[in-house]
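Following: one structure in structure tokens, then a few remarks.
2 protein chains.
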Amino acid sequence: MHFNIIDVAEKAGVSIATVSRVINGSDKVRTETRELVMAVVEKLQYVPNPSARGLILKRTEAIGLLLPDLHGEFFSEIIRGADNAVQSQGYHLIVSSSHNDPKEIEAALRFMRGRVDALIVMSPRVDSEILLANLPKSLPVVLLNCRTSNPHFDTIMTDGFGGAKEMTNYLLDLGHKQIAVITGSQSNIESQERLRGYRTAFTIRGMVPNKSIEFEGNFTQMSGYESVKEIFKLKNIPTAIFAFNDSMAIGAIKAIREEGYKIPSDISVCGFDDTPMAKYISPSLTSVHVPIPELGEMAIKRVFDRLQKRTKGAAAHIFVPTSLSIRNSCKKIMDVDISKREEVFNK
Amino acid sequence: MHFNIIDVAEKAGVSIATVSRVINGSDKVRTETRELVMAVVEKLQYVPNPSARGLILKRTEAIGLLLPDLHGEFFSEIIRGADNAVQSQGYHLIVSSSHNDPKEIEAALRFMRGRVDALIVMSPRVDSEILLANLPKSLPVVLLNCRTSNPHFDTIMTDGFGGAKEMTNYLLDLGHKQIAVITGSQSNIESQERLRGYRTAFTIRGMVPNKSIEFEGNFTQMSGYESVKEIFKLKNIPTAIFAFNDSMAIGAIKAIREEGYKIPSDISVCGFDDTPMAKYISPSLTSVHVPIPELGEMAIKRVFDRLQKRTKGAAAHIFVPTSLSIRNSCKKIMDVDISKREEVFNK
DNA sequence: GGAAATAATGTAAACGTTTACATTTCTGGT
DNA sequence: ACCAGAAATGTAAACGTTTACATTATTTCC
Numbered sequence: 001m002h003f004n005i006i007d008v009a010e011k012a013g014v015s016i017a018t019v020s021r022v023i024n025g026s027d028k029v030r031t032e033t034r035e036l037v038m039a040v041v042e043k044l045q046y047v048p049n050p051s052a053r054g055l056i057l058k059r060t061e062a063i064g065l066l067l068p069d070l071h072g073e074f075f076s077e078i079i080r081g082a083d084n085a086v087q088s089q090g091y092h093l094i095v096s097s098s099h100n101d102p103k104e105i106e107a108a109l110r111f112m113r114g115r116v117d118a119l120i121v122m123s124p125r126v127d128s129e130i131l132l133a134n135l136p137k138s139l140p141v142v143l144l145n146c147r148t149s150n151p152h153f154d155t156i157m158t159d160g161f162g163g164a165k166e167m168t169n170y171l172l173d174l175g176h177k178q179i180a181v182i183t184g185s186q187s188n189i190e191s192q193e194r195l196r197g198y199r200t201a202f203t204i205r206g207m208v209p210n211k212s213i214e215f216e217g218n219f220t221q222m223s224g225y226e227s228v229k230e231i232f233k234l235k236n237i238p239t240a241i242f243a244f245n246d247s248m249a250i251g252a253i254k255a256i257r258e259e260g261y262k263i264p265s266d267i268s269v270c271g272f273d274d275t276p277m278a279k280y281i282s283p284s285l286t287s288v289h290v291p292i293p294e295l296g297e298m299a300i301k302r303v304f305d306r307l308q309k310r311t312k313g314a315a316a317h318i319f320v321p322t323s324l325s326i327r328n329s330c331k332k333i334m335d336v337d338i339s340k341r342e343e344v345f346n347k
Numbered sequence: 348m349h350f351n352i353i354d355v356a357e358k359a360g361v362s363i364a365t366v367s368r369v370i371n372g373s374d375k376v377r378t379e380t381r382e383l384v385m386a387v388v389e390k391l392q393y394v395p396n397p398s399a400r401g402l403i404l405k406r407t408e409a410i411g412l413l414l415p416d417l418h419g420e421f422f423s424e425i426i427r428g429a430d431n432a433v434q435s436q437g438y439h440l441i442v443s444s445s446h447n448d449p450k451e452i453e454a455a456l457r458f459m460r461g462r463v464d465a466l467i468v469m470s471p472r473v474d475s476e477i478l479l480a481n482l483p484k485s486l487p488v489v490l491l492n493c494r495t496s497n498p499h500f501d502t503i504m505t506d507g508f509g510g511a512k513e514m515t516n517y518l519l520d521l522g523h524k525q526i527a528v529i530t531g532s533q534s535n536i537e538s539q540e541r542l543r544g545y546r547t548a549f550t551i552r553g554m555v556p557n558k559s560i561e562f563e564g565n566f567t568q569m570s571g572y573e574s575v576k577e578i579f580k581l582k583n584i585p586t587a588i589f590a591f592n593d594s595m596a597i598g599a600i601k602a603i604r605e606e607g608y609k610i611p612s613d614i615s616v617c618g619f620d621d622t623p624m625a626k627y628i629s630p631s632l633t634s635v636h637v638p639i640p641e642l643g644e645m646a647i648k649r650v651f652d653r654l655q656k657r658t659k660g661a662a663a664h665i666f667v668p669t670s671l672s673i674r675n676s677c678k679k680i681m682d683v684d685i686s687k688r689e690e691v692f693n694k
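Each protein sequence line maps, in turn, to chains A and B. Following our numbering, the numbering of the first sequence begins with 1 at its first residue and continues without gaps. Following our numbering, the numbering of the second sequence begins with 348 at its first residue and continues without gaps.
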């Protein structure tokens, strides 16, 4: 039961061209007629049909945001940052999430084609390289934390390597030597980067990271919890646990306490991402700070730059630095403590 | 640089009608020609233009989801449930969030018009009644936790009243009498419902709720934290604190500990929503369980029923019950304890 | 007052589909 | 071999806009 431009034109006694001009604000149309038309528009509650508009204009005023399965606060913070940024430009966000395997992403991508003016893709799986290869090159695309050898796309990457290295260094400086990690899924490139950073921190000091205390999680609280249960089967309990996101750190903390250990006095724990939650749990969580909403915001900004041709030329590769948010979940190790549990795993 | 149906038709040596028929799977077209066409489609990577399609078909295969500002895990869980449900039907979700004031919602609504086949609206502000009144009645709309006197729309409401009442009862049964609440924004109808439930639990027992220990938060961790700081300025510290969502409960816990009190032995704390986080923090949080992803799922199901005309007739008003997830953050009050702090505020 | 310039408005094509209806091509029965 | 009927394919209108270009109305200037 919607009116179209013809209805408006008839009721106002003008041509559809005039109505169109009024609607689009542009051009010179007599104030008198403009007001007349606007009155009719108002009365009829006329809203231009976006399909018809999109068909001829070839733009939709929407930006597509492709996310993997969303757990925890991370992705909603991304959405928040992105949505705020698009709205300031009168654009809108089309979010498609909850797909991890390339097949689903492809379906989502097909859906997006023609419905959005630009695309922000977050596909952290290693095997999505192929997929990323044949992303539509007809629209601006920004890759968020994706690995690709294709230099054609703008990318934004957080420094997972540097962040993990810094955190590991921090723990080493506190005197920890047996630092277990709980990683994300093996096929997740962010997790890979963080693992690389973790290991590098050791090797830089001439130590060798102990691969037997690297546990694979999947970024959920439960996987953090379960990994710790595994950790406690070890002969020598590590003195610190580095979870590769905050959710797993929280799961880890629960498990550690169930085993009767205190944090940080018995075991230090830290996370990654520094989600809003981190500073509120107890002990407040030491974490690698990632500017999450800003990530979404930056991606949107980039996309608008492309859209408005402010930025032409080669793809940009933005590297977002991380920092340490040091709180109360990690503690300098007591020599006494170590002696009870230390194992000679480094020279 | 995209091909259209005409390109495909030409390359395949058939008419566009035939191509269309092949694309849409329907109708009788010779297997031979079908394969021929499909081959061309494949080669040209042809994807039908959704605008053109939407224009003539008047459907978009997208469902709009309108959310308020998203904080914490609640809304991302809603999205998760909804997205999973739409994907199983080959549909997609257009999420628009981060707007609280009616003006913004209206803009989002205008944007949605013509872009979606149905709408799910979550607008928990009291003053959005007007807005809800002139929601498009040309499409199926499901209202999620919205108050409206308009019986025209399908609604899904969680039983905030019942949940809060039950939780308050539980606390009263544990012997608590001074139960502070930290509410959401005053203008939030869910918060109002919960408050009503809280008060009712008292009055049912012939007690009168102490309004001076009702604190207004805004569903963020920080507001929970700050409310507790206020609470500790009181002469008589309540023995229990009931936060109207889990995020605020977490903020509250932090503040309580900073004041040197233990949970639950000194003060009991409970939340609302039972987000995934709740069972992992420590002490694990007693909370009113709300089936969050299921809420999104139900809304989508309802919308599809309408879309496929399986459900005609009057609007349905679904009432989603809540339940108590009892964990370790609340404790039976010791008589000794109360005596130290009790105030005669009920008969 | 009237030509020239300018401003306002109108006309019609185009965007890329779907589908009712028209046409062509097959099939099988005589 | 031919025809009826069925099956496959094609033609063209329709969906609701925008906009180049054409037309008409208004102003400006002598």
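We put the beta carbon where it would ideally sit given N, CA and C, even for glycine.
### Task
Jot down the residue ranges of each uninterrupted alpha helix (DSSP H) in the stretch 175 to 205 of chain A, minimum 4 residues, whole runs only, in chain order.
189 to 204
### Task
For residue 253/A, count neighbouring C-beta atoms within 10 Å of its own C-beta (all shown protein chains included) and say buried if the count is 16 or more, exposed if not.
Reading the first sequence from its first residue, position 253 is the one you call residue 253/A. It counts as buried.
### Query
Exposed or buried, what is residue 344/A when buried is set at 16 or more other beta-carbons lying within 10 Å of its beta-carbon?
Within the first sequence, the letter at position 344 stands for residue 344/A. Unreliable placement is indicated for residue 344/A, whose pLDDT of 41 sits below 50; no coordinate value is reported for it.
### Query
Taking 8 Å as the CB-CB limit, is residue 43/A close to chain B?
Residue mapping note: residue 43/A aligns to position 43 of the first sequence, counting from 1. No, its Cβ sits nowhere closer than 8 Å to a Cβ of chain B.
### residue 64/A: first and last residue of the uninterrupted beta strand (DSSP E) it sits in
Taking the first residue of the first sequence as 1, we reach residue 64/A at position 64. Where residue 64/A is concerned, the enclosing beta strand (DSSP E) stretches over 62 to 66.
### Message
Do residue 240/A and residue 176/A count as a contact pair if the criterion is CB distance below 8 Å?
### Response
Within the first sequence, the letter at position 176 stands for residue 176/A. Within the first sequence, the letter at position 240 stands for residue 240/A. A contact, by the Cβ cut-off of 8 Å.
### Query
Does the stretch 259 to 271 of chain A come within contact of the stretch 603 to 619 of chain B, defined as at least 3 CB pairs closer than 8 Å?
no
### Message
Whole angstroms are fine: how far does the CA of residue 504/B sit from the CA of residue 591/B?
### Response
Translated into the one-based positions of the second sequence, residue 591/B becomes position 244. Translated into the one-based positions of the second sequence, residue 504/B becomes position 157. If I take the Cα positions, the gap works out to 16 Å.
### Backbone secondary structure at residue 271/A - three-state DSSP
For the purposes of this step, residue 271/A is identified with residue 271 of the first sequence, where counting begins at 1. Of the three classes helix, strand and coil, the one that applies to residue 271/A here is strand, per DSSP.
### Task
Can you pull the chain B residues whose beta carbon is under 7 Å from the beta carbon of residue 50/A, in chain order?
Counting from 1 along the first sequence, the entry for residue 50/A is found at position 50. Neighbours of residue 50/A on chain B, chain order: 461, 462.
#### Entry: Rounded Cβ spacing between residue 69/A and residue 98/A (contact assumed at less than 8 Å)
For this step, residue 69/A is matched to residue 69 along the first sequence. For this step, residue 98/A is matched to residue 98 along the first sequence. Confirmed, about 5 Å.
#### Entry: Element boundaries [alpha helix (DSSP H), containing residue 214/A]
Along the first sequence, one-based indexing puts residue 214/A at 214. Element bounds for residue 214/A: not the alpha helix (DSSP H) but the beta strand (DSSP E), 214 to 216.
### Task
Count the CB pairs spanning the stretch 164 to 174 of chain A and the stretch 196 to 209 of chain A that are closer than 8 Å, and state whether there are at least three.
yes
### Message
Please report the straight-line C-alpha distance between residue 602/B and residue 435/B, rounded to a whole angstrom.
### Response
Counted from its first residue, the second sequence places residue 602/B at position 255. Counted from its first residue, the second sequence places residue 435/B at position 88. Rounded to the nearest angstrom, the two C-alpha atoms are 44 Å apart.
### Query
Does the beta carbon of residue 436/B sit closer than 8 Å to a beta carbon anywhere in chain A?
As a working note, residue 436/B is residue 89 in the second sequence. It does not: the Cβ of residue 436/B has no partner Cβ on chain A nearer than 8 Å.
### Query
Taking Cβ positions, are residue 93/A and residue 83/A nearer each other than 8 Å?
Locating residue 93/A in the first sequence gives position 93, where the first residue counts as 1. Locating residue 83/A in the first sequence gives position 83, where the first residue counts as 1. Yes. Within cutoff.
### Message
For a quick check, are the C-beta atoms of residue 12/A and residue 37/A less than 8 Å apart?
### Response
Stepping through the first sequence from its first residue, residue 12/A is reached at position 12. Stepping through the first sequence from its first residue, residue 37/A is reached at position 37. Yes; because the gap between Cβ atoms is below 8 Å, this pair is in contact.
#### Entry: Per-residue burial, residue 319/A [other beta carbons within 10 Å of its own, 16 or more giving buried]
Locating residue 319/A in the first sequence gives position 319, where the first residue counts as 1. It is exposed - the Cβ of residue 319/A has fewer than 16 other Cβ atoms within 10 Å.
### Message
Please classify residue 24/A as buried or exposed, where buried requires at least 16 other C-beta atoms within 10 Å of its C-beta.
### Response
The residue given as residue 24/A occupies position 24 in the first sequence. Its Cβ having fewer than 16 others within 10 Å, residue 24/A is exposed.
### Integer Cβ distance of residue 181/A from residue 242/A, believed to fall under 8 Å
Here residue 181/A refers to the residue found at position 181 of the first sequence. Here residue 242/A refers to the residue found at position 242 of the first sequence. Going by Cβ atoms, the distance from residue 181/A to residue 242/A rounds to 5 Å, so yes, they are a contact pair.
#### Entry: Ordered list of alpha helix (DSSP H) runs contained in the stretch 470 to 513 of chain B, each at least 4 residues
476 to 480
### Message
For residue 22/A and residue 442/B, which I take to be in contact (beta-carbon distance under 8 Å), what is that distance rounded to the nearest angstrom?
### Response
Residue numbering aside, residue 22/A sits at position 22 when the first sequence is read from its first letter. Residue numbering aside, residue 442/B sits at position 95 when the second sequence is read from its first letter. Incorrect: roughly 31 Å between the Cβ atoms, too far for contact.
### Task
Quick one: which residues of the stretch 607 to 629 of chain B get their C-beta closer than 9 Å to a C-beta of chain A? List them in chain order.
623, 624, 626, 627, 628, 629
### Query
Where do the ends of the beta strand (DSSP E) carrying residue 86/A lie?
Taking the first residue of the first sequence as position 1, residue 86/A is located at position 86. Unbroken run through residue 86/A is the alpha helix (DSSP H), 74 to 87; no beta strand (DSSP E).
### Task
Determine the direct distance from the alpha carbon of residue 332/A to that of residue 108/A, and round the result to whole angstroms.
Taking the first residue of the first sequence as position 1, residue 108/A is located at position 108. Taking the first residue of the first sequence as position 1, residue 332/A is located at position 332. Approximately 48 Å, taken between the alpha carbons.
### Task
Determine, using beta-carbon pairs with one atom in the stretch 532 to 543 of chain B and one in the stretch 505 to 516 of chain B, whether at least three such pairs fall under 8 Å.
yes
#### Entry: Whole-number beta carbon distance between residue 152/A and residue 315/A, since they are thought to touch under 8 Å
Numbered from its first residue, the first sequence carries residue 315/A at position 315. Numbered from its first residue, the first sequence carries residue 152/A at position 152. With a Cβ gap of about 6 Å, residue 315/A and residue 152/A count as contacting.
### Task
Classify residue 525/B as buried or exposed, calling it buried when 16 or more other Cβ atoms lie within 10 Å of its own Cβ.
Taking the first residue of the second sequence as position 1, residue 525/B is located at position 178. So residue 525/B ends up on the buried side.
### Query
Along the chain, where does the alpha helix (DSSP H) that runs through residue 671/B open and close?
Taking the second sequence and counting its residues from 1, one reaches residue 671/B at position 324. Taken as a continuous stretch (DSSP letters only), residue 671/B belongs to no alpha helix (DSSP H), being part of the beta strand (DSSP E) at 670 to 672.
### Query
In its own chain, which residues sit with a C-beta less than 6 Å from the C-beta of residue 353/A, not counting the 5 before and 5 after it?
A query on residue 353/A cannot be resolved here, the shown segment of chain A reaching from 1 to 347 and no further.
### Message
On the DSSP bridge list, what partners appear for residue 320/A?
### Response
For the purposes of this step, residue 320/A is taken as residue 320 along the first sequence, with counting starting at 1. The partner list for residue 320/A (beta bridge, DSSP) reads 158/A.
### Query
Span of the alpha helix (DSSP H) holding residue 365/B?
Within the second sequence, residue 365/B is the residue found at index 18, counting from 1. Segment 363 to 370, the alpha helix (DSSP H) holding residue 365/B.
### Query
Under a CB-based cut-off of 8 Å, is residue 76/A close to chain B?
The count along the first sequence starts at 1 and reaches residue 76/A at position 76. With 8 Å as the cut-off, residue 76/A counts as an interface residue toward chain B.
### Task
Say whether chain A places a C-beta atom closer than 8 Å to the C-beta of residue 420/B.
Reading the second sequence from its first residue, position 73 is the one you call residue 420/B. Residue 420/B counts as touching chain A.
### Query
Counting along the chain, where does the beta strand (DSSP E) carrying residue 93/A start and finish?
As a working mapping, residue 93/A is identified with position 93 in the first sequence. Start and end: 92 to 96.
### Message
Below 8 Å, how does it come out for the stretch 50 to 63 of chain A and the stretch 116 to 123 of chain A: are there three or more Cβ pairs, yes or no?
### Response
yes
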